[in-house]
Every structure is written in C-alpha cells, then in structure tokens.
Amino acid sequence: LGPNLPAEEIAAAARSTDARIVALSLVYPPDNSETRNELLRLRRYLPEETALIVGGRAVDSYGPLWREVRAVHLNTLPEYRRHLEGLRLRPQTPA
Numbered sequence: 005l006g007p008n009l010p011a012e013e014i015a016a017a018a019r020s021t022d023a024r025i026v027a028l029s030l031v032y033p034p035d036n037s038e039t040r041n042e043l044l045r046l047r048r049y050l051p052e053e054t055a056l057i058v059g060g061r062a063v064d065s066y067g068p069l070w071r072e073v074r075a076v077h078l079n080t081l082p083e084y085r086r087h088l089e090g091l092r093l094r095p096q097t098p099a
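Numbered per the working numbering, the sequence shown finishes at 99, counting up by one with no gaps.
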C-alpha cells in the first residue's frame, strides 16, 4: 500500500480485500513511540485470523511489541515462503 499509512487505512484495505496476511517493514526510526502505537492499533483493527508479518532493519528494536501483537518475524526468504505456504493451506474461518 505504501509507507506511512495509518493503522486504520491498512486494516480497512485488509478487510475490504479479505486479506489473510498483512506484512509490514519496520525500517526507521528504531524504537519509535508512534510506530508502537500504530502497531497496537493495527492489531486491534485487524480481524483476529489475519496474520501479521513484520520485517525490516528496525524490527529487532520492536521485539517485545511484535510478539505482543502476535506478529511473526521471519529472517529469510525461504522462511517467509514456508510460512506463507502454511497460511495458504490453513482453512479459512467463515466470515
């Protein structure tokens, strides 16, 4: 969708397309309070069954937070592919 979108807009796009996954890149700045707030809001706005994946060079500074919002951090492209395949094969919950 692009950089710097508010949590509400990301969640609205995910809901309107029935997205099963939202992936975010946390790049800059590390350990920013506004980014923290947006991640908390995003998790609150997303359906429970929507997976949240985080990456990017600043992801380690948000470690406790991405675990709190039940996000998954994947270190390599093969891990990412395996995780996506697992989500693809998982049965969808009826709306």
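By construction, the Cβ of each residue, glycine as well, lies at the ideal position given by its N, Cα and C atoms.
In this structure, Asn8 is the residue among Asn8, Ala23, Arg85 and Pro68 with its C-alpha nearest to the C-alpha of tyrosine 32. In the three-state scheme derived from DSSP, where H, G and I count as helix and E and B as strand, glycine 90 is classed as helix. When rounded, the separation of the alpha-carbon atoms in glycine 59 and tyrosine 84 is 10 angstroms.
Residues of the same chain with a CB within less than 8 angstroms of the CB of leucine 69, apart from the 5 flanking positions on each side, are Arg40, Leu43 and Leu44 in chain order. For leucine 30, there is no enclosing alpha helix (DSSP H), since its DSSP letter is neither H nor E. Residue range 55–59 is occupied by the beta strand (DSSP E) that includes leucine 56. By alpha-carbon distance to glutamate 13, the top candidate from Arg24, Asp22, Tyr49 and Ser37 is Tyr49.
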